[in-house]
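Residue numbers (the working numbering): 1381 to 1501.
Backbone N, C-alpha and C define an ideal beta-carbon position, used for all residues, glycine too.
These notes concern the structure reproduced below.
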């Protein structure tokens, strides 16, 4: 009986410490420096996210036609990942612009707005 209780306790503890692979990956990625700063505007009119405002300290304001939310982001090499809610937005840095790679931002291009990005350190 004691062996059975020990087994159940061990299984229970391992379940409590389980992290989904995406969560485990994002928690390690968030430790990298996230100093991206500036306002990036959607090129063209068709897109869910109209504007991204990076504050230089791991937060980005995501502006859609309906909402404006400050969310965490992290950078790994040239890939920026934003956690707007339960999903993830992924953008690749290419030639001073951001190109969407996930379902919601696929092939959308964001260019840095030089007029509003002057407040960056």
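**OP:** Along the beta strand (DSSP E) that carries residue 1444, what are the first and last residues, could you check?
**Re:** 1439-1444
**OP:** Out of 1426, 1467 and 1440, point me to the one whose CA is closest to residue 1483's CA.
**Re:** Each of 1426, 1467 and 1440 was checked against the Cα of residue 1483, and the nearest Cα belongs to 1467.
Original post:
What beta strand (DSSP E) runs, 3 residues minimum, are completely inside the stretch 1425-1489?
Top reply: 1429-1435, 1439-1444, 1448-1456, 1459-1462, 1469-1474 and 1477-1480
**OP:** Sort 1455, 1493, 1446 and 1488 by Cα distance to residue 1427 and report the nearest one.
**Re:** When only C-alpha atoms are compared, the closest one is 1488.
**OP:** Have a look at the DSSP bridge pairing and note the partners of residue 1416.
**Re:** In the DSSP output, where bridge partners are listed per residue, residue 1416 has none listed.
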